[in-house]
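2 protein chains.
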Amino acid sequence: MKRKGIIIVVSGFSGAGKGTLMKELIRKYDNYALSVSATTRDPRPGEENGREYFFVSNEEFEKLIKENGLIEHAGYVNHYYGTPRKFVEDKLSQGIDVILEIEIQGALQIKEQYPDAVLLFVMPPSATELKNRLVGRGTETEEVIAQRLSRAKEESVGIEKYDYIVINDDLGQCVDKVHQIIDAAHYSPLRNLDFIDTIRKQLNEI
Amino acid sequence: MKRKGIIIVVSGFSGAGKGTLMKELIRKYDNYALSVSATTRDPRPGEENGREYFFVSNEEFEKLIKENGLIEHAGYVNHYYGTPRKFVEDKLSQGIDVILEIEIQGALQIKEQYPDAVLLFVMPPSATELKNRLVGRGTETEEVIAQRLSRAKEESVGIEKYDYIVINDDLGQCVDKVHQIIDAAHYSPLRNLDFIDTIRKQLNEI
Chain A
1 MKRKGIIIVV SGFSGAGKGT LMKELIRKYD NYALSVSATT RDPRPGEENG REYFFVSNEE
61 FEKLIKENGL IEHAGYVNHY YGTPRKFVED KLSQGIDVIL EIEIQGALQI KEQYPDAVLL
121 FVMPPSATEL KNRLVGRGTE TEEVIAQRLS RAKEESVGIE KYDYIVINDD LGQCVDKVHQ
181 IIDAAHYSPL RNLDFIDTIR KQLNEI
Chain B
207 MKRKGIIIVV SGFSGAGKGT LMKELIRKYD NYALSVSATT RDPRPGEENG REYFFVSNEE
267 FEKLIKENGL IEHAGYVNHY YGTPRKFVED KLSQGIDVIL EIEIQGALQI KEQYPDAVLL
327 FVMPPSATEL KNRLVGRGTE TEEVIAQRLS RAKEESVGIE KYDYIVINDD LGQCVDKVHQ
387 IIDAAHYSPL RNLDFIDTIR KQLNEI
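Just so you know, the sequences run in chain order A and B. Going by the numbering used here, the final residue of the first sequence carries number 206, and the count climbs one at a time with no gaps. Going by the numbering used here, the final residue of the second sequence carries number 412, and the count climbs one at a time with no gaps.
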């Protein structure tokens, strides 16, 4: 059974720790590549072009849209965010699973184009824990924390559209679980149509 | 996240080794129970009532159907086969995953009543290997082998209705893979509606 690369879309509440989780997943296991989004927002201190994001102008972004160079894009707080197609398709064709960290709007766009994409939602163990983490960062104002919790409320409406949810309690355990879930997803018939087709042909020839 | 027991329906071509696979799964891992079907066919030499099957009369079987005592049933070569409801529901309520070895007809009946059931299809590595295994048993006539291969052809039509396919090449590896796939399935939103509901309520109260 030849293993096909699949797209893994990872979403989750702000503060659920999905960024750290994905970095650790890629460090610990081979066979994953992290997609870097394009955005029109300005880089924040410490951010590097091509690492956190590809920072592009409005004009460049709109050109990408027009040329079908993005597999999904969305507007968020006056800026564009999108996933460049070339990187994703190159990796998939090499049998590598590509991880996209995007919001539900983009996740559903992806699922429409790539029905075999796996949608994963990262949850905190509880809402209280989520709040504690946001407060604990010490970098956010009370207003921002309130905004994020309110956004979490909105996002929680879409959870049933995801294929899997994972609870990020212990980082190491959660990374292993995510890897295991993605590996299991490779065994769906939808992701092995070629193999099924081969067996059917063989049965007809026997 | 409280783990709910789920139904695992296992189907597969005759000769794919699903019986051995399930026995080994239950021996190696806790948290699984194998459902024993009721049937109206006669016991074969070596079969024990309550182990391979519950052997019942036509009258008893029809009473079970009438009393809604079966979660699925089907007729096959002039005999009834069905899954007693009580055993399944008792185990599920204890958080134990229940394994049913049934054919596609029953599998789809189950999925309708228990949308969170996991349907697993066991495949041989190739159709040639399937034929070799059937011939290798040395217990089947050429006619029976031809019948089974022809039945495999029919069954292969429904593979896409299953959630997962596994290839039974190396028994030990396949057992571990099946366990991993079932474990991963526990992380779908559908199987964690209570947890999602709790998080939503908490977010509204914060």
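The beta carbon of each residue, even a glycine, is placed where N, CA and C say it ideally should be. Computed from a predicted structure; not experimentally measured.
| Check | Outcome |
| --- | --- |
| Could you work out which residue in Ile-305(B), Ser-220(B) and Gly-275(B) is closest to Ser-152(B) when comparing CA atoms only? | Within the shown structure, residues of chain B are numbered from 207 to 412, placing residue 152(B) beyond reach of any answer. |
| Determine the direct distance from the alpha carbon of Val-10(A) to that of Ala-16(A), and round the result to whole angstroms. | 11 Å |
| Between which two residues does the beta strand (DSSP E) carrying Glu-67(A) extend? | Note, Glu-67(A): premise wrong, no beta strand (DSSP E); not H, not E. |
| For the candidate residues Ala-239(B), Lys-359(B) and Ala-323(B), whose alpha-carbon lies nearest to that of Tyr-368(B)? | Ala-323(B) |
| Kindly indicate which three-state DSSP category His-186(A) falls into: helix, strand or coil? | coil |
| The alpha helix (DSSP H) spanning Asp-376(B) covers which residue range? | Taken as a continuous stretch (DSSP letters only), Asp-376(B) belongs to no alpha helix (DSSP H), as it is neither H nor E. |
| Sort Lys-292(B), Gln-386(B) and Arg-247(B) by Cα distance to Gly-275(B) and report the nearest one. | Lys-292(B) |
| Taking Cβ-Cβ distances below 7 Å as the criterion, which residues of the region 121–141 of chain A are in contact with chain B? | Met-123, Ser-126, Ala-127, Thr-128 and Lys-131 |
| Consider the Cβ of Ala-419(B): report whether some Cβ of chain A lies at a distance smaller than 7 Å. | The structure shown does not extend to residue 419(B), since chain B spans only 207 to 412, so no value can be given for it. |
| For chain B, is any of its Cβ atoms less than 7 Å away from the one on Glu-160(A)? | yes |
| Entirely within the region 296–347 of chain B and at least 4 residues each: give me those alpha helix (DSSP H) ranges in chain order. | 310–319 and 333–342 |
| Going by beta carbon distance, what residues of the same chain come within less than 8 Å of Val-135(A), once the five residues before and after it are set aside? | Ile-145 |
| Candidates Glu-142(A), Asp-194(A), Ile-6(A) and Glu-101(A): which alpha carbon is nearest Thr-20(A)'s? | Glu-101(A) |
| Here's the rule: buried if 16 or more other CB atoms are within 10 angstroms of the residue's CB, otherwise exposed. What is Thr-347(B)? | exposed |
| In the DSSP assignment, find the unbroken beta strand (DSSP E) run with Thr-83(A) in it and report its ends. | 79–84 |
| Using the DSSP secondary-structure output, state which residues sit across from Val-262(B) in a beta bridge. | Bridge partners of Val-262(B): none, in fact. |
| Report yes or no: do the region 24–44 of chain A and the region 109–128 of chain A share at least 3 C-beta pairs separated by less than 8 Å? | no |
| Which partner residues of Leu-240(B) appear in the DSSP bridge assignment? | Ile-305(B) |
| Give a yes or no on whether the C-beta atoms belonging to Tyr-286(B) and Phe-267(B) are separated by under 7 Å. | yes |
| Pull out every residue of the region 32–45 of chain A whose Cβ sits closer than 9 Å to any Cβ of chain B, in chain order. | none |
| Thinking Glu-103(A) and Ala-74(A) are a contact (beta carbons under 8 Å), I'd like their distance in whole angstroms, please. | 7 Å |
| Can you check whether the C-beta of Ile-308(B) is within less than 7 Å of a C-beta belonging to chain A? | no |
| What is the DSSP secondary structure of Val-166(A), reduced to helix, strand or coil? | strand |
| Kindly give me the distance between the Cβ atoms of Gly-5(A) and Gln-94(A), rounded to whole angstroms, as I take these residues to be in contact under 8 Å. | 7 Å |
| Based on the DSSP output, what are the partners of Asn-49(A) in its beta bridges? | Tyr-53(A) |
| Look at Asp-303(B) and Ile-371(B) and say whether their C-beta atoms are less than 7 Å apart. | no |
| Would you kindly work out how many angstroms separate the C-alpha atoms of Asn-204(A) and Lys-359(B), rounded to a whole number? | 7 Å |
| By the 10 Å Cβ neighbour count, where 16 or more other Cβ atoms means buried, how is Leu-396(B) classified, buried or exposed? | exposed |
| Assuming Ile-159(A) contacts Ile-402(B) under a Cβ cut-off of 8 Å, what Cβ separation, rounded to an integer in Å, is found between them? | 5 Å |
| Considering Cα atoms alone, identify which of Ile-71(A), Ser-188(A) and Ala-33(A) is closest to Arg-51(A). | Ala-33(A) |
| Can you give me the Cβ contacts of Glu-155(A) inside the same chain, cut-off strictly under 7 Å, excluding the 5 residues immediately before and after it? | Phe-13 and Ile-104 |
| Give me the Cβ distance between Glu-278(B) and Gly-252(B), rounded to the nearest whole Å; I'm assuming they're in contact under 8 Å. | 26 Å between Cβ atoms; not a contact. |
| For chain A, check one thing: does any of its Cβ atoms lie closer than 7 Å to the Cβ of Leu-270(B)? | no |
| Got a sec? Which residues, its chain only, sit under 6 Å from Asn-264(B) by beta carbon, not counting five neighbours each side? | Thr-246 |
| Between Arg-406(B) and chain A, is there a C-beta pair that is closer than 7 Å? | yes |
| Kindly list, in the order they appear in chain B, the residues whose Cβ is closer than 7 Å to that of Ser-156(A). | Ile-405, Arg-406 and Leu-409 |
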